[in-house]
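Novice: Using the working numbering, the letters of the sequence shown map in sequence onto residues 1 to 244.
For each residue, glycine too, the CB sits at the ideal point set by N, CA and C.
For clarity, every value in this text was computed on a predicted model and none was experimentally measured.
One structure follows; several queries about it will come next.
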Amino acid sequence: MSTRSAVVTGASSGIGAATARKLAEMGYHVYVGARRLDRLHRLADEIGGTAVELDVTSAESVQSFADAIDGVDVLVNNAGGAKGLAAVADTDVDDWRWMWETNVLGTLRVTKTLLPELIASGDGLIVTVTSIAALTPYDYGAGYTSAKHAQGVLHRTLRGELLGKPVRLTEIAPGAVETEFSLVRFDGDAERAAKVYAGIDPLVAEDIADVIGFVASRPKHVNLDQIVVKPRDQADAGRFARRG
Ligand code: 8X3
C-alpha cells in the first residue's frame, strides 16, 4: 500500500504540531500548513513531512497550498482561534471578522478545495477541531462561540452531504487545552493567559493529538462523529475546579 497523506492546518504550534507528529509517527506523510514558515520547516524536518505556507484566510494561499500537495487522505482542520473576551455591547467587530475568517471561512476554503482529493482517496477522513464553544455559548465569548458554532455546523452539514461518499467526518470539541490559544486571545498578555489554566490540570496538545490518532486508526466503516474532550477539572466553559 502506498503511503497515506495527511494535511494539518495551523500546524506551527499547539494541537496542530502535536497532531502532525502523531500522524507522522503512525506512518502518514504529513503536509503541515501555517503562516509561520520557520517553525513549520523545523517541524517538517523533524517528522519527515512537507512544509507548505498556508494562510487559510486567503483563497490564493489555499489554492497554492493545494497545488503543492500530492493527494490527501486525512485533513485536519485545526487552524483557528479566539481574539478577545468582551460583552457583545463592547465587542470589537474586527475581532469577530478575524475569528469568522480563520475558524469558519478558513475551514470552508481548505475543505472545499481538498474535497475532490479526499473523495478520490477512497478512504478520506476530515477531522475538524472545533471547541466546547461550538456546543454552548458563554458570556463575553459570542465572537468566538458564534464562529465555533458556525464551523461545527459547516462540518456537521458535510457529514450528511457526503453520505454515500468514501469520506468520514469527525468533530473534536476540546475544552481547556494549554497552548498559545489564550495568549492569542489576550493579545500576548501572558499573565492573563496563565490565569485560564491556573489551579487546574489542563489538557495538553498531545492529549488531543492522541484522540485524532485514534480516530484516524479506526477501520473505514467506523465514523466517530463528535468527540468532546475536557480536563477532569472542567465541567463546562468557565466552570472549573481550581485549587488554591
Ligand atoms: C477553547 C475552549 O472554553 O475557552 O476552545 O472556549 S473555551
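Answer with buried or exposed for Pro231, where buried requires no fewer than 16 other C-beta atoms within 10 angstroms of its C-beta.
Specialist: Buried: at least 16 other Cβ atoms inside 10 Å.
Novice: Tell me whether Phe181 counts as near the ligand 8X3, meaning its Cβ is closer than 7 Å to at least one heavy atom of that ligand.
Specialist: Under cutoff, so the answer is yes.
Novice: What number of angstroms, rounded off, separates the C-alpha of Ala17 from the C-alpha of Asp139?
Specialist: So the two alpha carbons sit approximately 30 Å from each other.
Novice: Report, in whole angstroms, the separation of the C-beta atoms of Gly124 and Thr57, which I expect to be a contact under 8 Å.
Specialist: Rounded, the Cβ-Cβ distance is 24 Å, inconsistent with contact.
Novice: Please tell me whether Gly141 and Ala133 are closer than 8 Å, where the distance is taken between their beta carbons.
Specialist: Yes.
Novice: Less than 8 Å between the C-beta atoms of Asn223 and Arg168, yes or no?
Specialist: In contact: Asn223 and Arg168 (Cβ atoms closer than 8 Å).
Novice: Is it right to say Val129 is buried, meaning 16 or more other beta carbons lie within 10 angstroms of its own, or is it exposed?
Specialist: Classification for Val129: buried.
Novice: Which residue or residues does DSSP assign as beta-bridge partners of Leu75?
Specialist: Its beta-bridge partners are Val7 and Ile126.
Novice: Tell me which residue opens and which closes the beta strand (DSSP E) that Thr157 is part of.
Specialist: Counting along the chain, Thr157 falls outside any beta strand (DSSP E), though it belongs to the alpha helix (DSSP H) covering Ala142 to Glu161.
Novice: Considering only residues of the same chain and omitting the five flanking positions on each side of Ile203, which have a CB-CB separation below 6 Å?
Specialist: The question names Ile, but residue 203 in the sequence shown is Leu. Within the same chain, Leu203 has close Cβ partners Val177 and Pro231.
Novice: Return yes when at least one heavy atom of the ligand 8X3 lies under 7 Å from the C-beta of Ala11, else no.
Specialist: No, the ligand 8X3 has no heavy atom inside 7 Å of this Cβ.
Novice: Going by the beta-carbon positions, is the gap between Ile15 and Ala173 smaller than 8 Å?
Specialist: Cβ distance not < 8 Å, so Ile15 and Ala173 don't count as in contact.
Novice: Hey, would you say Tyr246 sits closer than 8 Å to Thr50, going by beta carbons?
Specialist: Residue 246 lies beyond the residue range present for the chain, which begins at 1 and ends at 244; the question has no answer from this structure.
Novice: Identify, in the order they occur along the chain, each residue of the same chain with its Cβ nearer than 6 Å to the Cβ of Val228, setting aside the five sequence neighbours on each side.
Specialist: Taken in chain order, the residues that qualify are Ala173.
Novice: By a C-beta neighbour count over all protein chains shown, 10 Å radius and 16 as the cutoff for buried, is Glu245 buried or exposed?
Specialist: Absent from the model: residue 245. The displayed extent of the chain is 1 to 244, so no value can be given.
Novice: Indicate, with yes or no, if the ligand 8X3 has a heavy atom lying under 7 Å from the CB of Tyr144.
Specialist: Tyr144 Cβ: within cutoff of the ligand 8X3.
Novice: For Ala11 and Asp38, what's the separation of their Cα atoms in angstroms?
Specialist: Roughly 12 Å between the two C-alpha positions.
Novice: In angstroms with no decimal places, state the Cα-to-Cα distance between Ser2 and Ile69.
Specialist: The alpha-carbon atoms of Ser2 and Ile69 are separated by roughly 15 Å.
Novice: Indicate, with yes or no, if the ligand 8X3 has a heavy atom lying under 7 Å from the CB of Gly48.
Specialist: Every heavy atom of the ligand 8X3 is 7 Å or more from the Cβ of Gly48, so no.
Novice: For the ligand 8X3, any of its heavy atoms closer than 7 Å to the Cβ of Pro174?
Specialist: Yes, the ligand 8X3 has a heavy atom inside 7 Å of this Cβ.
Novice: Is the beta carbon of Asp55 sitting closer than 8 Å to the one on Arg42?
Specialist: Result no, Cβ atoms of Asp55 and Arg42 do not sit closer than 8 Å.
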